[in-house]
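**Q** Here the sequence shown is numbered in our numbering, starting from -18 and rising by one per residue.
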Amino acid sequence: MALLEMTKIRLAVYGADTAEILETLQRVGAVEFTPVADRRLRSKEQTPSPDIHRQSARVDFAVDFLSEFAEKKKGLKAMVEGEAESVTAEEIEYVVRNFYADEVVEKAQNLQKELNDLRKKEKELRKERERLLPWKGVPLPVRDPIKTERTETFWLARSGQIRETKAHKSLHDRLKEKDIVSAIMVVDDDRVLLTVEATRSAESLRAAKSLGYERVSLQARRGTPEEELERISRRLRKLAGLIAEKERLAEALAREHLRALKITADHLLWQKERSDAAAAAGKTATCAVFDAWCPKSALNRLREELKKVSERFSLVETEPARGETPPVEIANRGPVRPFEA
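Here it is in structure tokens:
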């Protein structure tokens, strides 16, 4: 591989020839098309094809998603090539003519949604398991409050404070001072179940809060914490299996179609850049004007190729703007050209 010397060019073309001229520029290796902003040129607005932008975005999404499940390069090959891959012109032409990306993109979208839903449920269950674990030994159903005809039982915990081994005793004493009859089940130094008269529950909770206790938000369930933890574990195992199944489907889709999707994504990007440049270029009534960078060694060839398209163009080398630096382009030896993931 070798670095190419790049030169800046300014091109004026007949409006009707713009699309074909831009395609020729890209084929020869020109990059970074920039419309010329010149007040002397009367703007004639054109809108780039929304279909190209939409399709390009959809295919880019599928490439990004399926790349997570593609087999990764290893060792020296990964160090030298990175994410670059080699592709022949014949393969590009074959894919552009024969590969229909819409069906693969739709499958990728469905898989992503299904995986996101499963992972969201898995995350919620893991969080609930973390909340329940400290209460595993409590022989009561998970419900807050637990109500009887005359009493209410609350799940209380202290957090973000220095641990206090006798905090529950302080709570008992505070309630006793207020003549509130209570029963306290100690779970650990920071957690208790507080049972009080239903008519004094609000006052009891205020007293508990003054000592650093807060009600614990637990999803109401039928069983005890230990029973519910077992149910959660079973659901997590089932979800893990479903996630693994969807990931295997994504891996298979990546093995079969990711390479063609990447080629399609690059082809659509090429079309989009050409469309954007043509639409944004400064125009007179009949002429489009824009700047680009071209390999200096390809300049003569570019002129010859443009003449095959049309004689109605003007191509001159121009000076870069202040502070502007040429893009870095690499020439590959051999019959292949890289495209980036």
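Backbone N, C-alpha and C fix where the C-beta goes; we use that ideal spot for every residue, glycine too.
Where residue 297 and residue 272 are concerned, what is the direct C-alpha to C-alpha distance, given to the nearest angstrom?
**A** Position 316 of the sequence shown, counted from the first residue, corresponds to residue 297. Position 291 of the sequence shown, counted from the first residue, corresponds to residue 272. Distance between the alpha carbons of residue 297 and residue 272 is about 10 Å.
**Q** Can you check which of these residues, 305, 234, -1, is closest to residue 88 by C-alpha distance?
**A** For the purposes of this step, residue 88 is identified with residue 107 of the sequence shown, where counting begins at 1. Comparing Cα positions, the closest option is 234.
**Q** In whole angstroms, what is the alpha-carbon distance linking residue 176 and residue 220?
**A** Counted from its first residue, the sequence shown places residue 176 at position 195. Counted from its first residue, the sequence shown places residue 220 at position 239. Between residue 176 and residue 220, the C-alpha separation is close to 37 Å.
**Q** Given that a residue counts as buried once 16 or more other Cβ atoms are within 10 Å of its Cβ, and exposed if not, what is residue 167?
**A** Residue 167 sits at position 186 when you count from the first residue of the sequence shown. Exposed is the call here.
**Q** So, residue 189 versus residue 137, is the Cβ gap smaller than 8 Å?
**A** Numbered from 1 along the sequence shown, position 208 holds the residue referred to as residue 189. Numbered from 1 along the sequence shown, position 156 holds the residue referred to as residue 137. Yes, the pair counts as a contact, with Cβ atoms nearer than the cut-off.
**Q** Could you give the residue range of the beta strand (DSSP E) that holds residue 2?
**A** Position 21 of the sequence shown, counted from the start, is the residue given in the question as residue 2. Taken as a continuous stretch (DSSP letters only), residue 2 belongs to no beta strand (DSSP E), being part of the alpha helix (DSSP H) at -1 to 9.
**Q** Please name the residue in 0, 9, 226 whose C-alpha comes closest to that of residue 275.
**A** Position 294 of the sequence shown holds residue 275. Selected option, being the one with the closest Cα: 9.
**Q** Assign residue 177 to one of three DSSP states: helix, strand, or coil.
**A** Counting from 1 along the sequence shown, the entry for residue 177 is found at position 196. It is a strand residue.
**Q** Secondary structure at residue 245, three-state DSSP: helix, strand or coil?
**A** Counted from its first residue, the sequence shown places residue 245 at position 264. Correct three-state label for residue 245: helix.
**Q** In this structure, does DSSP put residue 170 in helix, strand or coil?
**A** Counting from 1 along the sequence shown, the entry for residue 170 is found at position 189. DSSP places residue 170 in coil when its eight states are reduced to three.
**Q** Are three or more beta carbon pairs between the region 76 to 83 and the region 237 to 251 nearer than 8 Å?
**A** With a cut-off of 8 Å, the region 237 to 251 and the region 76 to 83 count as touching, because enough Cβ pairs lie within range.
**Q** Going by beta carbon distance, what residues of the same chain come within less than 6 Å of residue 93, once the five residues before and after it are set aside?
**A** For the purposes of this step, residue 93 is taken as residue 112 along the sequence shown, with counting starting at 1. Cβ within range, chain order: 46.
**Q** Verify whether the separation of the beta carbon atoms of residue 242 and residue 82 is less than 8 Å.
**A** Here residue 242 refers to the residue found at position 261 when the sequence shown is read from its first residue. Here residue 82 refers to the residue found at position 101 when the sequence shown is read from its first residue. For residue 242 and residue 82, yes; Cβs fall inside 8 Å.
**Q** Determine the DSSP secondary structure at residue 185, reduced to helix, strand or coil.
**A** One-based indexing of the sequence shown puts residue 185 at position 204. In the structure shown, residue 185 sits in a helix (DSSP, three-state: H, G or I).
**Q** Give me the residue from 308, 304, 299, 307 with the minimum Cα distance to residue -8.
**A** One-based indexing of the sequence shown puts residue -8 at position 11. Selected option, being the one with the closest Cα: 299.
**Q** Count the other CB atoms, across all protein chains shown, that sit within 10 Å of the CB of residue 284; report buried if there are 16 or more and exposed otherwise.
**A** Working through the sequence shown from its first residue, we reach residue 284 at position 303. Exposed: under 16 other Cβ atoms inside 10 Å.
**Q** Could you check the C-alpha separation between residue 1 and residue 84 for me, to the nearest Å?
**A** As a working mapping, residue 1 is identified with position 20 in the sequence shown. As a working mapping, residue 84 is identified with position 103 in the sequence shown. So the two alpha carbons sit approximately 29 Å from each other.
**Q** How long is the line joining the alpha carbons of residue -10 and residue 35, rounded to whole angstroms?
**A** Here residue -10 refers to the residue found at position 9 of the sequence shown. Here residue 35 refers to the residue found at position 54 of the sequence shown. Cα-Cα distance, rounded: 30 Å.
**Q** Cβ atoms of residue 178 and residue 197: under 8 Å apart, would you say?
**A** For the purposes of this step, residue 197 is taken as residue 216 along the sequence shown, with counting starting at 1. For the purposes of this step, residue 178 is taken as residue 197 along the sequence shown, with counting starting at 1. No, Cβ-Cβ distance for residue 197 and residue 178 is not below 8 Å.
**Q** Under a Cβ-count criterion, where at least 16 other Cβ atoms within 10 Å of its own Cβ denotes burial, should residue 365 be classed as buried or exposed?
**A** Examination of residue 365 is not possible in this model, given that the chain is present from -18 through 322 alone.
**Q** Could you compute how far the alpha carbon of residue 110 sits from the alpha carbon of residue 159?
**A** In the sequence shown, counting from the first residue as 1, residue 110 sits at position 129. In the sequence shown, counting from the first residue as 1, residue 159 sits at position 178. So the two alpha carbons sit approximately 36 Å from each other.
**Q** So the candidates are 123, -14, 68, 4; which of them puts its Cα closest to the Cα of residue 208?
**A** Position 227 of the sequence shown holds residue 208. Selected option, being the one with the closest Cα: 123.
**Q** Report the option in 294, 282, 132 whose CA atom is closest to the CA atom of residue 269.
**A** Stepping through the sequence shown from its first residue, residue 269 is reached at position 288. For residue 269, the nearest C-alpha among the options comes from 294.
**Q** In angstroms with no decimal places, state the Cα-to-Cα distance between residue 182 and residue 172.
**A** Counted from its first residue, the sequence shown places residue 182 at position 201. Counted from its first residue, the sequence shown places residue 172 at position 191. Near 18 Å, if we compare the C-alpha coordinates of residue 172 and residue 182.
**Q** Sort out for me which residues DSSP pairs residue -10 with in a bridge.
**A** Numbered from its first residue, the sequence shown carries residue -10 at position 9. 273, 298, per the DSSP bridge assignment.
**Q** Got a sec? Which residues, its chain only, sit under 7 Å from residue 216 by beta carbon, not counting five neighbours each side?
**A** Position 235 of the sequence shown, counted from the first residue, corresponds to residue 216. These residues qualify, in order along the chain: 106.
**Q** How many whole angstroms separate the CB atoms of residue 213 and residue 103, which I take to be in contact at a CB cut-off of 8 Å?
**A** Here residue 213 refers to the residue found at position 232 when the sequence shown is read from its first residue. Here residue 103 refers to the residue found at position 122 when the sequence shown is read from its first residue. Between residue 103 and residue 213 the Cβ distance is about 11 Å, and since that is not below 8 Å, they are no contact.
**Q** Can you give me the C-alpha to C-alpha distance between residue 228 and residue 39, rounded to a whole angstrom?
**A** Start at 1 with the first residue of the sequence shown, and residue 228 comes out as number 247. Start at 1 with the first residue of the sequence shown, and residue 39 comes out as number 58. Cα to Cα, residue 228 sits roughly 20 Å from residue 39.
**Q** Report the three-state DSSP secondary structure of residue 137 (helix, strand or coil).
**A** The residue given as residue 137 occupies position 156 in the sequence shown. Residue state, collapsed to three classes: strand.
**Q** Classify residue 192 as helix, strand or coil using the three-state DSSP reduction.
**A** Stepping through the sequence shown from its first residue, residue 192 is reached at position 211. Residue 192: coil per DSSP, three-state reduction.
**Q** Following the continuous alpha helix (DSSP H) through residue 88, name the residue where it begins and the one where it ends.
**A** One-based indexing of the sequence shown puts residue 88 at position 107. Its alpha helix (DSSP H) spans residues 82 to 113.
**Q** Is DSSP giving residue 161 helix, strand or coil here?
**A** Within the sequence shown, residue 161 is the residue found at index 180, counting from 1. Reduced to three states, the DSSP call for residue 161 is coil.
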